[in-house]
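Chains as they are written, first to last, in my numbering: chain Z, 1 to 315; chain S, 316 to 605; chain C, 606 to 841. Positions of the beta carbon are idealized from the N, C-alpha and C atoms, including for glycine. Nothing here was measured: the structure is a model prediction, and the numbers come from that model. Right, one structure below, let's go through it.
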Amino acid sequence: MEIQRSLKSIVLFGLFLLLSFFPLLFPDPYLIHLVILFFLFGVLVSSWNVLFGYMGIFCFGQQAFFGTGAYSSALLALNFGVPIPVCIVIGGLFAAFSSILIGLPTLRLRGAYVALVTLAFAEVMRMTCSNWVGVTRGQLGLTVPALIPGAGRVGYYYVSFLLFLLSVGILVKVMRSSFGYVAVAIRESQDAATSLGIDIVKYKMLAFLLSSFLSGMAGALYAHYILILTPDIMSLHIMITILVMGMLGGLGTLPGPILGAFVLLFLSEYLREFEQFRFIIYGALIVLSVLFVPGGLITGMRFIGAKLEGKGLRK
Amino acid sequence: MFDLSILIQQVVYGLVIGSSYVLMAAGFSLIWGIMGVLNLAHGEFYMLGAYIAYYACSLLGFNPLLSTLVAMVGVFSFGVIFERALLSPLYGRKGWEMSTVLITVGASILIQNGALVIFGEKYKGLPMYFDGEVEIWKIFLSYDRLVVFLVGCFLIAFLWYLMKYTRVGMAMRAVSQNREGAYLTGINVHKVFYIAFGLSAAFAAAGGALLAPIFFVYPTVGAGPLLMAFAIVIFGGFGSVKGAIVAGFMVGVFESLVVLIISSAWKDVFVFILVIIVLTLRPRGLFGIQ
Amino acid sequence: MYLLDVAGLNCAYGRSQVLWDISFHVREAEIVAIIGSNGAGKTTLLRALSGLLPALSGKVEFNRQRIERFPPHRIVELGLSQIPEGGGIFPYMTVLENLKVGAFLPWNWKKMSQNLDVVFQLFPDLAERKNQLAGTLSGGERQMLGIGKGLMTSPKLILIDEPSSGLAPKLVLRVFDTIEEIQKRNVTIVLVEQNIHHALNMGSRAYVLENGRIVLEGTSQELMGHEHVRKAYLGI
């Protein structure tokens with residue numbers, strides 16, 4: 001137990017050091033770009049995990065939060081000249097607001113119905129962005145002002161690293177608190193939780209707000225980094241990617257989604273040649289994962305870790 | 316000031332499309348009522364039906380009825396395999412609801428993109444099955460659309476008869492109303508599951524096959540009908556086939572009118588808004604049991 | 606020769622074991638009662654016997670066949686039926702349809718009109734309400750329907766889960782009279798009950814189930830006089 005804990009701390013510290021100095025050690029701009037994507041997707045999948053993995057809410061509309069954050073931040077910067085860091089935060093707030101719209105109808109629904117409602121809602125938002133050409137320029141795309149004009153990747157690296165650390169920090173704090181327990185209780189049995197006096201509606205809304213806020217900021221940062229914004233940012237492909245990352249890494253755990261984001265990003269790099277098969281592989285991964293490895297990689301790693309300690313699997 | 320006949324024309328179109336929507340929705344509702352599973356790959360059965368009809372017609376020269384039949388038989392078998400391979404391993408598990416949703420999502424992605432690779436992303440157009448149109452009281456209806464409507468209604472009636480008067484249908488109703496009670500009368504519930512699933516897939520395929528000449532055939536063609544099926548089932552009440560039938564035609568007409576009055580780009584948005592309203596005011600839907 | 610022979614049966618829900626080392630037997634044409642208070646494991650035992658709950662270990666032998674790994678529909682095919690608590694009826698089907706479902710198995714389907722006659726004879730009330738939706742029946746009528754539906758499966762042995770639960774005393778008498786009638790037609794009965802009086806009046810023999818274990822067995826008379834039984838269940 002002791003060994004495992006100190007080992008864990010050493011590994012985490014090592015990773016932190018590595019990531020802090022990464023751009024200096026590996027100045028390849030493409031590599032840095034990948035890690036930036038890793039940070040942003042890490043935030044996206046981790047925040048989605050609060051809803052899906054921890055609380056058991058079948059949210060299939062996370063891409064709407066990502067996109068709403070992106071669009072509101074971009075439009076604010078373009079049309080009103082608000083300083084970009086502020087835009088990003090407001091983007092997160094807009095995303096949080098949209099989560100109220102999406103979340104509200106689902107509060108009284110059970111399980112899988114929520115999946116399709118959130119999915120449909122996100123699709124509708126995407127279609128709205130696509131059709132509302134006057135505001136969003138639709139498929140032509142918005143040109144987004146850069147967060148750090150003229151700078152190379154390195155600046156964006158540290159900003160997204162900061163967002164990543166902040167998000168992970170917030171999530172760790174929140175999920176380790178009583179909120180985390182309530183979330184799992186709701187996932188296990190909404191009825192039991194209610195009978196214990198838990199206000200499910202309140203907690204669901206809080207989860208939606210937190211999750212969407214973080215995802216929204218990630219989306220906004222993404223927009224001000226990539227500099228082009230189209231409605232594709234809210235496409236189902238994003239949701240699928242989130243899903244595969246979460247499932248691969250392990251839902252309902254803190255490191256799971258991050259591990260999944262990492263593995264998938266670098267996996268998709270190797271599979272570049274098979275680009276057209278990419279989503280076939282994603283689909284197959286999900287199916288196989290559900291059938292054979294429902295806990296994701298994290299569960300596998302914990303299992304091995306426990307075995308190494310000579311113990312049985314601890315719960 | 317609208318010409319009334321245009322309005323009625325749209326309503327008729329709505330009924331035609333509605334008949335296919337009903338096929339999609341009834342299957343979806345059936346699976347929910349009997350198995351408690353929300354099949355997010357349902358749209359893919361529609362898509363497969365459309366492709367089978369396309370190839371049956373263009374390569375083999377089958378007439379539309381035969382194409383539809385072939386599509387139904389083919390996708391029925393596929394549906395049975397799907398249920399046995401992907402769903403039945405999950406039934407006993409804790410958290411099976413989440414697992415079944417996830418696996419159907421994964422399967423949907425797999426099948427859609429598989430189709431993309433195999434058939435290509437180009438929209439395939441099937442030429443009209445029949446040429447010409449019929450005129451009834453100033454309303455023009457192409458023969459194709461007439462066939463869609465008639466065959467659709469026939470299949471709906473067939474489903475109704477199946478559920479109400481045959482032994483298989485009785486077994487399905489029993490399982491959906493009291494699963495344990497059904498086990499205890501000697502009904503092989505697992506068999507009911509895969510037969511019901513196959514049926515639901517076959518009906519979705521029929522929808523796809525019938526509408527193939529009217530809309531294009533492409534790998535993601537099932538996404539729209541899936542959302543429609545879901546909207547209809549919410550509207551009509553989960554688990555109620557009767558609800559799916561009534562709501563299916565209503566949604567078909569509603570969508571058609573939205574296309575006429577506003578524009579086709581916004582039709583999904585409006586159907587969705589309708590669903591949200593229904594969910595808020597009467598979560599059980601029109602005829603919902605659960 | 607035992608019609609039903611259970612030995613060393615262990616069952617669990619997930620990781621919590623509920624039944625421990627259950628052993629009992631039933632002879633043909635007997636009425637055997639299993640007595641236990643709430644939570645003792647009565648329903649779990651019946652579910653295990655009918656194949657609705659897999660057994661961890663032990664043997665269940667029916668008509669000289671080992672059935673503990675059989676799927677539920679096979680067990681009904683062999684002639685072991687259950688009337689679960691509440692009747693196991695289908696609320697959105699009519700009374701007649703409910704009975705028809707009972708005759709689902711192919712050879713029962715052929716005997717349907719015969720069996721229907723028997724059931725309607727036993728339960729004239731049900732005959733009156735043939736086309737009424739089962740969900741609209743009263744508690745007692747539902748119980749009758751449940752028993753009728755069970756009879757449609759042409760069983761050799763019926764497991765009945767708390768037939769008197771929630772019923773007014775007059776109805777309870779009727780239910781038990783009916784059960785006796787059924788036994789006269791050569792159907793073996795295993796009755797699971799909370800109410801000791803009912804159980805011991807009906808059955809010739811009984812077992813007492815407590816916390817998932819069989820703690821006592823004997824004839825009705827023996828148990829009536831047993832000190833533990835009197836204290837724990839009769840409040841004497």
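According to DSSP, residue i sits in a beta bridge with which residue or residues?
i	result
M666 (chain C)	A small fix is needed here, since residue 666 (chain C) is Glu in this sequence, not Met. Answer is C:D610 and C:R671, bridged to E666 (chain C).
G823 (chain C)	C:A811
F455 (chain S)	S:E450
S382 (chain S)	Bridge partners of S382 (chain S): none, in fact.
V532 (chain S)	S:K439
R818 (chain C)	C:E815
Pick helix, strand or coil for residue i, following the three-state DSSP scheme.
i	result
T230 (chain Z)	coil
I636 (chain C)	strand
F629 (chain C)	strand
N615 (chain C)	strand
D766 (chain C)	strand
Q139 (chain Z)	helix
V723 (chain C)	helix
S686 (chain C)	strand
V797 (chain C)	strand
N621 (chain C)	The displayed chain sequence assigns Ser, not Asn, to residue 621 (chain C). Three-state DSSP puts S621 (chain C) in a strand.
T741 (chain C)	helix
K439 (chain S)	strand
T699 (chain C)	strand
L661 (chain C)	strand
R176 (chain Z)	helix
R734 (chain C)	coil
L196 (chain Z)	coil
C59 (chain Z)	coil
H831 (chain C)	coil
Looking at residue j and residue i, is the spacing between their C-beta atoms short of 8 Å?
i	j	result
G351 (chain S)	L572 (chain S)	no
L18 (chain Z)	F60 (chain Z)	no
T783 (chain C)	S686 (chain C)	no
L654 (chain C)	L764 (chain C)	yes
L248 (chain Z)	V263 (chain Z)	yes
I636 (chain C)	I794 (chain C)	yes
V463 (chain S)	V331 (chain S)	yes
N736 (chain C)	T699 (chain C)	yes
P442 (chain S)	P528 (chain S)	yes
G358 (chain S)	A538 (chain S)	yes
A559 (chain S)	S335 (chain S)	no
V792 (chain C)	L839 (chain C)	no
V507 (chain S)	I549 (chain S)	no
T649 (chain C)	E690 (chain C)	no
What do you get for residue i, buried or exposed, if any count of 16 or more other CB atoms within 10 angstroms of its CB means buried?
i	result
L147 (chain Z)	buried
T143 (chain Z)	exposed
R126 (chain Z)	buried
A544 (chain S)	buried
Y618 (chain C)	exposed
A773 (chain C)	exposed
H802 (chain C)	exposed
V834 (chain C)	buried
Kindly examine the ligand ATP and report whether one of its heavy atoms sits closer than 7 Å to the Cβ of residue i.
i	result
D446 (chain S)	Questions concerning the ligand ATP fall outside what the structure shown contains, since it holds no ligand whatsoever.
Report yes or no: do three or more beta-carbon pairs, one from the segment 177-184 of chain Z and one from the segment 34-46 of chain Z, lie closer than 8 Å? Touching, no, given that fewer than three Cβ pairs across the two stretches are closer than 8 Å.
Measuring CB atoms only, is the segment 784-804 of chain C touching the segment 760-773 of chain C, in the sense that at least three cross pairs come out at less than 8 Å? Because the criterion of three Cβ pairs below 8 Å is met, the segment 784-804 of chain C and the segment 760-773 of chain C touch.
Touching by the beta-carbon criterion (3+ pairs, under 8 Å), the segment 518-525 of chain S and the segment 360-375 of chain S: yes
For the segment 510-519 of chain S against the segment 718-727 of chain C, do three or more pairs of beta-carbon atoms, one drawn from each stretch, fall closer than 8 Å, so that the two count as touching? no
Measuring CB atoms only, is the segment 551-565 of chain S touching the segment 382-395 of chain S, in the sense that at least three cross pairs come out at less than 8 Å? No contact exists between the segment 551-565 of chain S and the segment 382-395 of chain S.
If you pair each beta-carbon of the segment 202-217 of chain Z with each one of the segment 63-71 of chain Z, do three or more pairs fall below 8 Å? yes
Validate contact between the segment 336-354 of chain S and the segment 102-117 of chain Z using beta carbons, cut 8 Å, 3 pairs: yes
Contact between the segment 85-92 of chain Z and the segment 212-229 of chain Z (3+ Cβ pairs under 8 Å): yes
Does the segment 70-88 of chain Z touch the segment 224-241 of chain Z, meaning 3 or more C-beta pairs lie closer than 8 Å? Because the criterion of three Cβ pairs below 8 Å is met, the segment 224-241 of chain Z and the segment 70-88 of chain Z touch.
Specify whether the segment 283-302 of chain Z and the segment 409-423 of chain S touch according to this definition: at least 3 beta carbon pairs, one from each stretch, less than 8 Å apart. yes
Do the segment 497-513 of chain S and the segment 676-696 of chain C touch if we need at least three Cβ pairs shorter than 8 Å? Judged by Cβ distances under 8 Å, the segment 497-513 of chain S makes contact with the segment 676-696 of chain C, as three or more pairs qualify.
Three Cβ pairs or more, each shorter than 8 Å: is that satisfied between the segment 9-27 of chain Z and the segment 152-168 of chain Z? yes
Going along the segment 464-495 of chain S in order, which residues come within less than 8 Å of chain B, judged by CB to CB distance? The structure shown contains no chain B; the protein chains it does contain are Z, S and C.
Is the segment 688-708 of chain C close to the segment 732-752 of chain C, with three or more CB pairs under 8 Å? yes
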